[in-house]
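FYI, the numbering used here numbers position 131 of the sequence shown as 133, with every residue one higher than the one before it. By construction, the Cβ of each residue, glycine as well, lies at the ideal position given by its N, Cα and C atoms. Note that this is a predicted model, so its numbers are computed, not measured.
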Amino acid sequence: MVSFIGAGPGDPDLLTIKGKKIIDGADVIIYAGSLVNPQVLADAKEGARIYNSATMNLDEVIEVMKEAEAKGLHTARVHTGDPAIYGAHREQMDRLDRLGIPYEVIPGVSSFLATAAVLKKEYTLPGVSQTVILTRMEGRTPMPPKEKLLDLAQHNATMIIFLSVGMLDEMSEILRQAYQPETPVAVVYKATWEDQKIVYGDLTNIAERVKEAGIKKTALTVVGKFLGDEYELSKLYDKTFTTEFRKGVTE
Ligand code: SAH
């Protein structure tokens, strides 16, 4: 049995209870060493075999799982954040399907949610944006033709850009063609880690400020007026609004 586990954004206390129980009981652990906080593995079983997937290719990862399965051992495959977001875990699941190896997926706190938490902001403000776009800049992985940053930016929705902080100059130049230049931007480096950094700015100056802060990777860029202070109050808690659970008062 293989358990894919979302290890959360960094702070080991943000691992789910379910994920922790599985990691602590696993015979074999394969973790994404470039981003998973090693403290997440602090209570691993004595004698557990631990592999860092940063230095392994897909075949090698699957081989470790296959050998473990043949011996009846339980493997924890530990991904950063939630494996469903840029986790490259679909290809692993498909290989396991072909090999007839059973697996499960335990979700985790994605870095984009940890980022909202450390910024103390809500992505979906009434009257500002009710849509969140998670995307990335084109790198070695090409973007599908209808998902170019400029196309997505036309919506002026809340936008969260992964894996791209090294391309902030180009990113802000593209975004300025669709958002107002003074649209607020925050870059969060290593959200919830001890060395977390937050840089604020707008589409005209964020690239410069992030360069000054020395941030080159492991950061999310979040863009949109949700970072500002203008919005409408929610209907959910509006005292004149009747919901399924609460009768509104007439004023
Ligand atoms: N599955 C992960 C994302 C993996 S892709 C998740 O759900 O968060 C790796 C990218 O995620 C990094 O380049 C960076 O853009 C972002 N990232 C991961 N952890 C982060 C953190 N703690 N703070 C800020 N960005 C992070």
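Going along the chain, which residues of its own chain have a beta-carbon closer than 6 Å to the beta-carbon of Val30, five neighbours each way excluded?
Within the sequence shown, residue 30 is the residue found at index 28, counting from 1. For Val30, where only same-chain residues beyond five positions count, the Cβ hits under 6 Å are Arg51, Ala70, Leu75 and Thr77.
Quick check: Ala155 and Thr133, are their CB atoms within less than 7 Å of each other?
Position 153 of the sequence shown, counting from 1, holds the residue named residue 155. Position 131 of the sequence shown, counting from 1, holds the residue named residue 133. For Ala155 and Thr133, no; Cβs fall outside 7 Å.
N-terminal and C-terminal residue of the beta strand (DSSP E) that Ile32 is part of:
Looking up residue 32 in the sequence shown gives position 30. Where Ile32 is concerned, the enclosing beta strand (DSSP E) stretches over Val30 to Tyr33.
Considering Leu101, what are the terminal residues of the beta strand (DSSP E) in which it resides?
On the sequence shown, residue 101 is found 99 positions in, with the first residue counted as 1. It is not in any beta strand (DSSP E) - Leu101 instead sits in the alpha helix (DSSP H) that spans Arg92 to Leu101.
Along the chain, where does the alpha helix (DSSP H) that runs through Ile176 open and close?
The residue labelled residue 176 in the question sits at position 174 within the sequence shown. Under the DSSP assignment, Ile176 falls in the alpha helix (DSSP H) whose first and last residues are Leu170 to Leu177.
Contact set for Pro128: own chain, Cβ-Cβ below 8 Å, skip 5 residues either direction:
Taking the sequence shown and counting its residues from 1, one reaches residue 128 at position 126. These residues qualify, in order along the chain: Tyr233, Glu234, Leu235, Ser236 and Lys237.
What does the Cβ neighbour count give for Ser5, buried or exposed, with the cut at 16 atoms within 10 Å?
Along the sequence shown, one-based indexing puts residue 5 at 3. Using a 10 angstroms sphere on the CB of Ser5, the tally of other CB atoms reaches 16 or more, which defines it as buried.
Could you check what DSSP says for Thr137 in three-state terms: helix, strand or coil?
Along the sequence shown, one-based indexing puts residue 137 at 135. Strand.
On the criterion of 16 or more Cβ atoms from any shown chain inside 10 Å, does Ala56 qualify as buried, or is it exposed?
Residue 56 sits at position 54 when you count from the first residue of the sequence shown. Counting Cβ neighbours within 10 Å, Ala56 comes out exposed, since fewer than 16 surround it.
What are the boundary residues of the beta strand (DSSP E) that Gly8 is part of?
On the sequence shown, position 6 is the one that residue 8 refers to. It spans Val4 to Gly8 - the beta strand (DSSP E) in which Gly8 sits, taken as one unbroken run.
On the DSSP letters alone, give me the boundaries of the beta strand (DSSP E) that Ala193 sits inside.
In the sequence shown, the residue the question calls residue 193 occupies position 191. Here Ala193 belongs to no beta strand (DSSP E), and DSSP marks it neither H nor E.
At what residue ranges does the stretch 196 to 224 contain a whole run of the beta strand (DSSP E), taking only runs of 3 or more?
199 to 204
Three-state secondary structure assigned by DSSP to Ala46
Looking up residue 46 in the sequence shown gives position 44. Note: Ala46 maps to coil in three-state DSSP.
Could you give the residue range of the alpha helix (DSSP H) that holds Met1?
Because the chain is modelled from 3 through 253, residue 1 falls outside the range shown and cannot be assessed.
Tell me Ile24's beta-bridge partners as DSSP assigns them.
Along the sequence shown, read from residue 1 onward, the residue named residue 24 stands at position 22. According to DSSP, which records beta bridges pairwise, Ile24 is partnered with nothing at all.
Please say whether Thr137 and Ile108 have beta carbons closer to each other than 7 Å?
Start at 1 with the first residue of the sequence shown, and residue 108 comes out as number 106. Start at 1 with the first residue of the sequence shown, and residue 137 comes out as number 135. The answer is no: Cβ separation not under 7 Å.
CB-CB under 6 Å to Pro183, same chain, minus the five flanking residues each way: which ones, in chain order?
Here residue 183 corresponds to residue number 181 of the sequence shown, with the count starting at 1. The residues are Leu205 and Thr206.
When DSSP builds the beta bridges, which residues end up paired with Met161?
Looking up residue 161 in the sequence shown gives position 159. Paired residue(s): Ile135 and Val225.
Residues near Asp84 by beta carbon distance below 8 Å, same chain, minus five either side:
As a position in the sequence shown, residue 84 is number 82, starting the count at 1. Result list for Asp84: Gly8, Pro109, Gly110, Val111 and Ser112, in chain order.
The ligand SAH and Thr143: does any heavy atom of the ligand fall closer than 6 Å to the residue's C-beta?
For the purposes of this step, residue 143 is identified with residue 141 of the sequence shown, where counting begins at 1. Proximity of the beta carbon of Thr143 to the ligand SAH is not indicated: no heavy atom of the ligand is located closer than 6 Å.
So does Val120 have its beta carbon nearer than 6 Å to some heavy atom of the ligand SAH?
Here residue 120 refers to the residue found at position 118 of the sequence shown. The answer is no for Val120.
Limits of the unbroken beta strand (DSSP E) element including Thr77:
As a working mapping, residue 77 is identified with position 75 in the sequence shown. Per DSSP, the unbroken beta strand (DSSP E) holding Thr77 starts and ends at Thr77 to His81.
So, at 6 Å on beta carbons, what are the nonlocal neighbours of Val201 in its own chain, with the 5 sequence-adjacent residues on each side left out?
Here residue 201 refers to the residue found at position 199 when the sequence shown is read from its first residue. So the list reads Val189, Arg211, Val212 and Ala215, once near-sequence residues are dropped.
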